[in-house]
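What the sequence shown shows, in the numbering used here, is residues 33 to 155, in sequence order. We treat Cβ as the ideally placed atom computed from N, Cα and C, and that holds for glycine.
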Amino acid sequence: MKKWKQFVMAFALVVGLGASVVPVSTAGAINVFDQCSKNGGSSVCKAKNDSFGSMIKNVVSMLLYLLGAVSALMIVIGGIRYATSNGDAGAVKSAKDTILYSIIGLVVAILSFTIVNFVISWF
């Protein structure tokens, strides 16, 4: 086992040193806002003129998508924990609580999205 660890460490050291020696090619960036004069209807050109309300709406939308993905992952993890609990009452309760809390979190996130959209459209 010790030889295996030494081999893995030596391999990681060689790969790490090799990666630091290899030259990195540079990439040039373009200014996309200069191209708005050619194509003013693109979403990039419209994005720089957005209001504060739509910016908050976009941030909340991104957070809602992230929260939905995390909630779905937690539901799957809770299901796996439930399936592998082997009848242990404590493990079953913990798995059910994981599923319940992730569903509650998803409902709260959807309600917050609705409230933010309502408030932004009101003002």
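It is roughly 36 Å from the alpha-carbon of Ala121 to the alpha-carbon of Phe145.
For Thr146, the enclosing alpha helix (DSSP H) starts and ends at 121-154. The shortest CA-to-CA distance from Leu143 to any of Lys35, Ser83, Leu95, Gly85 is the one to Leu95. Between the stretch 118-137 and the stretch 93-108 there are three or more inter-stretch CB-CB distances shorter than 8 Å, so the stretches are counted as touching. The Cβ atoms of Arg113 and Ala123 sit closer than 8 Å to each other. With a beta-carbon spacing of about 4 Å, Gly85 and Ile152 fall inside the 8 Å limit used to define contacts.
The DSSP-derived three-state label of Asn118 is coil.
For Ala127, the closest alpha carbon among the candidates Leu98, Gly111, Leu138 is that of Gly111.
In the displayed model, Ser83 falls within coil according to three-state DSSP, outside both helix and strand.
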